[in-house]
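There are 2 protein chains.
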Amino acid sequence: MMDKKRGKQSYVLPDKPRVTAWASMAGKKEAAGPLGATFDETFEDDTLGEKSWERAESKMLEHVVDMALSKAKIFADSVDLFLGGDLLNQIVSAGYTARSLGIPFLGLYGACSTMAESIMLGSMLIDGGFAHNAVCATCSHFSTAERQYRFPLELGSQRTPSAQWTVTGAGATLLTKDTTHPIAVEAATVGSVYDLKQTDANNMGAAMAPAAMMTLKAHLSDMGRKVSDYDLIVTGDLGHVGYDLMKILCEKEGICLDKRYIDCGCEVFDESQDVHAGGSGCGCSACCLNGWLYGRMLSGEVKRMLFMATGALMSPTMSQQGESIPSVAHAVSLEVV
Amino acid sequence: MMDKKRGKQSYVLPDKPRVTAWASMAGKKEAAGPLGATFDETFEDDTLGEKSWERAESKMLEHVVDMALSKAKIFADSVDLFLGGDLLNQIVSAGYTARSLGIPFLGLYGACSTMAESIMLGSMLIDGGFAHNAVCATCSHFSTAERQYRFPLELGSQRTPSAQWTVTGAGATLLTKDTTHPIAVEAATVGSVYDLKQTDANNMGAAMAPAAMMTLKAHLSDMGRKVSDYDLIVTGDLGHVGYDLMKILCEKEGICLDKRYIDCGCEVFDESQDVHAGGSGCGCSACCLNGWLYGRMLSGEVKRMLFMATGALMSPTMSQQGESIPSVAHAVSLEVV
Numbered sequence: 003m004m005d006k007k008r009g010k011q012s013y014v015l016p017d018k019p020r021v022t023a024w025a026s027m028a029g030k031k032e033a034a035g036p037l038g039a040t041f042d043e044t045f046e047d048d049t050l051g052e053k054s055w056e057r058a059e060s061k062m063l064e065h066v067v068d069m070a071l072s073k074a075k076i077f078a079d080s081v082d083l084f085l086g087g088d089l090l091n092q093i094v095s096a097g098y099t100a101r102s103l104g105i106p107f108l109g110l111y112g113a114c115s116t117m118a119e120s121i122m123l124g125s126m127l128i129d130g131g132f133a134h135n136a137v138c139a140t141c142s143h144f145s146t147a148e149r150q151y152r153f154p155l156e157l158g159s160q161r162t163p164s165a166q167w168t169v170t171g172a173g174a175t176l177l178t179k180d181t182t183h184p185i186a187v188e189a190a191t192v193g194s195v196y197d198l199k200q201t202d203a204n205n206m207g208a209a210m211a212p213a214a215m216m217t218l219k220a221h222l223s224d225m226g227r228k229v230s231d232y233d234l235i236v237t238g239d240l241g242h243v244g245y246d247l248m249k250i251l252c253e254k255e256g257i258c259l260d261k262r263y264i265d266c267g268c269e270v271f272d273e274s275q276d277v278h279a280g281g282s283g284c285g286c287s288a289c290c291l292n293g294w295l296y297g298r299m300l301s302g303e304v305k306r307m308l309f310m311a312t313g314a315l316m317s318p319t320m321s322q323q324g325e326s327i328p329s330v331a332h333a334v335s336l337e338v339v
Numbered sequence: 003m004m005d006k007k008r009g010k011q012s013y014v015l016p017d018k019p020r021v022t023a024w025a026s027m028a029g030k031k032e033a034a035g036p037l038g039a040t041f042d043e044t045f046e047d048d049t050l051g052e053k054s055w056e057r058a059e060s061k062m063l064e065h066v067v068d069m070a071l072s073k074a075k076i077f078a079d080s081v082d083l084f085l086g087g088d089l090l091n092q093i094v095s096a097g098y099t100a101r102s103l104g105i106p107f108l109g110l111y112g113a114c115s116t117m118a119e120s121i122m123l124g125s126m127l128i129d130g131g132f133a134h135n136a137v138c139a140t141c142s143h144f145s146t147a148e149r150q151y152r153f154p155l156e157l158g159s160q161r162t163p164s165a166q167w168t169v170t171g172a173g174a175t176l177l178t179k180d181t182t183h184p185i186a187v188e189a190a191t192v193g194s195v196y197d198l199k200q201t202d203a204n205n206m207g208a209a210m211a212p213a214a215m216m217t218l219k220a221h222l223s224d225m226g227r228k229v230s231d232y233d234l235i236v237t238g239d240l241g242h243v244g245y246d247l248m249k250i251l252c253e254k255e256g257i258c259l260d261k262r263y264i265d266c267g268c269e270v271f272d273e274s275q276d277v278h279a280g281g282s283g284c285g286c287s288a289c290c291l292n293g294w295l296y297g298r299m300l301s302g303e304v305k306r307m308l309f310m311a312t313g314a315l316m317s318p319t320m321s322q323q324g325e326s327i328p329s330v331a332h333a334v335s336l337e338v339v
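Here the protein sequences line up with chains A and B, keeping their order.
When we follow the numbering used here, the leftmost residue of the first sequence carries the number 3, and every step to the right adds one.
When we follow the numbering used here, the leftmost residue of the second sequence carries the number 3, and every step to the right adds one.
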C-alpha cells in the first residue's frame with residue numbers, strides 16, 4: 003500500500019476522487035446577500051412549514067442531499083456512504099436525514115468544520131477503496147443555533163459587535179471515484195485542536211483563527227507548497243474579526259495572505275445586513291462551497307482551491323464552567339483536472 | 003485500487019490493521035461489578051479531583067489514551083490520528099482530550115456506537131494508506147449523562163424498570179499497520195439509521211435493538227457468513243430489555259443467536275447492583291472491549307469476534323417535540339491472526 007501521508011498531518015489522494023454534483027439551499031437573509039443568486043433554492047418561511055425550527059433544519063439537509071443526488075441522476079440506494087453532522091446536540095439534523103435516506107451513515111462532529119471534515123473523510127474512503135461514492139453534507143439554522151448556544155430569540159438580547167450571524171443554509175457534495183468529472187479532491191490536512199484560551203461565546207472568529215492558521219501552516223509545510231500554489235484559499239466562518247486575525251497570525255509565521263484569501267463568513271452577507279462580524283455556522287461554508295465556489299472552479303476562474311472549514315468546539319455547559327473554546331480546522335485541496 | 007466493498011454496507015480490510023495496545027478505566031460501581039478486575043484502573047471519587055463531572059469525564063478519556071500509548075511505548079506526537087467522540091454536547095470530552103494530546107483529530111458522533119465507529123474508520127484509514135497508526139477512544143460518565151439527557155441528579159427521580167445505568171468509564175484502542183501484533187480488524191459494516199418510533203428516553207434498549215439486528219443481518223449477508231463463523235457476537239449497550247428484543251428480532255430474520263451472543267450492558271453490572279435494565283453509554287462497550295474482550299482474544303478463547311456498538315441518537319430537544327429516537331449500529335470484525 004502506497005503511503006499517502008505527507009509530513010505530520012497531510013495526505014495526498016492519488017486517485018483524486020471527484021466532485022460529481024452539489025446542491026445548496028439558504029434562507030431569506032442569505033438570499034438577500036451578495037451570494038443570493040448562487041443558491042439552488044432559497045426560502046422565505048424559516049420553518050419551511052414544519053412545526054419547529056429543528057425540524058426545518060433537518061428538512062433543509064434532507065433536501066440538499068436529494069437535490070445533489072437528483073442532479074447526479076442517482077437514487078439514495080446507490081450511494082455507499084453518507085458523512086455528515088451539524089451544530090445541534092446529538093447532530094439530530096444529520097441523524098434524521100440519515101434515517102430518511104437509508105444510506106449507511108458516519109456521524110461526524112466538527113462544529114463548523116464539518117463540511118471539510120466530511121469531504122476529507124469521504125474522499126479518503128473512496129481513494130482507499132472503501133466506497134464508489136459518498137455524499138457529504140451539513141447545515142445550520144440561525145434560530146436553532148441561537149437558542150441552543152446563546153439565548154432564546156424571544157429575549158431579544160442585544161448582540162455584541164464581535165458576534166456572528168449563524169447562516170440558515172445547507173450544502174451537499176456528492177463524491178465519486180468516477181474520474182470523468184472535472185473537480186477533484188487531491189490532498190487534505192487533518193486539523194489538530196488549538197485553544198488560545200478565548201472564553202467569549204460571542205467571538206467565535208477569535209477562537210477559530212489560531213486553528214485555521216495552524217492548519218494552513220501545516221498544509222503548506224507538509225505539502226511543500228506556498229500560498230501562490232492556490233488560486234483561492236477559503237476559510238469557513240471566521241467572520242471579519244477572525245479574518246483580520248488570521249491574516250495577522252499568518253504574517254507572523256511568514257505566510258503572506260493576499261487577495262487570494264477569502265472567508266465565507268465575510269462573503270455571505272454584506273455590511274448593510276446588520277450581521278455584525280459576519281456569517282457563521284456549518285451551513286455558512288457549506289452553502290458557499292456547494293454553488294458559488296464550485297461554480298468558480300467549473301468556470302475556469304479558480305484552478306486550485308484550499309477549502310478550510312473552521313470549527314469552534316464551543317459548549318455552553320463548559321463555558322458556564324469557565325472553560326475556554328477549543329477550535330479545529332480541516333483543509334481539503336480541490337483542483338480542476 | 004482493489005474494491006474492498008462487500009454487499010451493500012460492508013468492507014474487508016485486506017491489510018488487516020492491528021490492535022497494538024488498549025486501556026480502560028472505570029468508576030466505583032463498575033469496579034464492584036463482574037468485570038471489575040479487568041479494568042486497568044478504577045477510581046472511588048467520581049470527580050477525579052476535578053471541579054465538575056464534565057471535567058472528570060475529559061480527564062478519564064485523556065488518561066486511557068495516555069495509558070494505551072504508554073503500553074505501546076510511544077508518545078502522542080508519533081500518533082497520526084485521534085478518532086473519538088462522546089455523549090456530551092459538542093463532544094467536549096473528546097475535544098478537550100484532542101487539545102491536550104495535539105494529535106490531528108477527527109471528531110465523531112455516533113452516540114454509544116462511537117467505539118465501533120472510531121475503530122472502523124481508523125482501520126479503514128490505515129488500510130487505505132492514510133495513517134500508520136490511530137488511537138480510537140470514547141467515554142461516558144453517569145453523572146454528566148443523567149443531567150444532560152434526563153434529570154438533574156439532585157431531583158432524585160425514580161428510574162423506570164427499562165432504564166439503563168450510564169457506565170462511568172472510558173476505553174482506548176491503538177491501531178497500527180504493523181502486522182506483528184495478533185489481533186486484527188478484518189472487516190466492518192457501516193450501519194444505517196433505523197427508527198421504529200420508540201419515544202421513551204428511558205428505554206434505549208428497545209430503540210437500539212432494531213438497528214443492531216439490521217447491522218448484524220447486513221454483515222452476515224454482505225460477508226456471506228453465519229453466526230457460527232464468530233466465537234463471540236457482542237452488542238454495545240442494549241441492556242436486558244434490548245438483548246431479549248435483539249434475539250427475537252434476529253430469530254424473525256432466521257438468525258439464531260445462541261450463547262455466542264452477549265451484550266456489554268448486560269455483562270458490566272450484576273443484578274444485585276440495582277441498575278435496572280443494565281449498563282449503557284459510550285463507556286460501556288469501550289471499557290468492556292479495551293480489557294476484558296481483547297483479553298479473551300489474546301488468551302485464545304475467542305478467535306473471531308463481531309463487535310457491534312449501538313447508538314441511540316436521542317435528543318432531549320427532539321423528544322420534547324414528540325420525535326422518536328433513531329438508532330445506529332456499527333460492526334467491526336476482529337480476529338486473532
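A virtual CB, placed ideally from N, CA and C, is assigned to each residue, including glycine.
Here the structure is a predicted model, which means the values were calculated and not measured.
When the cut-off is 8 Å and only beta carbons count, does residue i lie next to chain B?
i             : result
residue 192/A : yes
residue 342/A : As shown, chain A starts at 3 and ends at 339. That puts residue 342/A outside it, with no answer to give.
residue 222/A : no
residue 113/A : yes
residue 21/A  : no
Which residues in chain B have a C-beta closer than 8 Å to the C-beta of residue i? List them in chain order.
i             : result
residue 56/A  : 319, 320, 323
residue 119/A : 108, 109
Along the chain, where does the alpha helix (DSSP H) containing residue i start, and where does it finish?
i             : result
residue 55/B  : 55 to 73
residue 129/A : 116 to 129
residue 99/B  : 94 to 103
residue 320/A : 318 to 322
residue 38/B  : Premise fails: residue 38/B is in no alpha helix (DSSP H) and is neither H nor E.
residue 287/B : 284 to 289
List the endpoints of the continuous beta strand (DSSP E) containing residue i.
i             : result
residue 1/B   : As shown, chain B starts at 3 and ends at 339. That puts residue 1/B outside it, with no answer to give.
residue 299/B : First-last for residue 299/B: 296 to 300, but that is the alpha helix (DSSP H), not the beta strand (DSSP E).
residue 331/A : 329 to 338
residue 85/B  : 83 to 88
residue 109/B : 107 to 109
Can you find a C-beta in chain A that's less than 8 Å from the C-beta of residue i?
i             : result
residue 160/B : no
residue 6/B   : yes
residue 83/B  : yes
residue 197/B : yes
What does residue i touch in chain A if you count any residue whose Cβ is under 9 Å from its own?
i             : result
residue 210/B : In chain order: nothing, as chain A lies at least about 13 Å away.
residue 180/B : Under the 9 Å cutoff, chain A gives no residues; its nearest Cβ is about 13 Å from residue 180/B.
Can you list the residues of chain B that residue i reaches, using a CB-CB cut of under 7 Å?
i             : result
residue 330/A : 107
residue 334/A : Those do not exist, as residue 334/A stays about 13 Å from chain B at its closest Cβ, beyond 7 Å.
Below 7 Å on C-beta distance, what does residue i contact in chain A?
i            : result
residue 11/B : 106
Worksheet item: Using a beta-carbon distance cut-off of less than 7 Å, what residues from the segment 306 to 324 of chain A approach chain B?
Response: 315, 316, 317, 319, 320, 323
Worksheet item: Curious, which full-length beta strand (DSSP E) runs of at least 3 residues does the segment 180 to 265 of chain B contain?
Response: 185 to 191, 234 to 237, 263 to 265
Discussion item. Going residue by residue through the segment 135 to 186 of chain A, where are the continuous alpha helix (DSSP H) segments of at least 4 residues, counting only ones entirely within it?
Written reply: 144 to 151
Worksheet item: Taking any Cβ of chain A, which residues in the segment 85 to 104 of chain B have a Cβ under 7 Å from it, in chain order?
Response: 87, 91, 92, 93, 94, 97, 98, 100, 101, 104
Item to complete: Could you list the residues in the segment 121 to 132 of chain B with a C-beta less than 8 Å from some C-beta on chain A, going in chain order?
Response: 123, 126, 127, 129, 130, 131, 132
Practice prompt. Give, in chain order, every residue of the segment 224 to 242 of chain A whose Cβ lies closer than 7 Å to some Cβ of chain B.
Written response: none
Fill in: Start-end ranges of the alpha helix (DSSP H) lying completely within the segment 3 to 30 of chain B, minimum 4 residues
none
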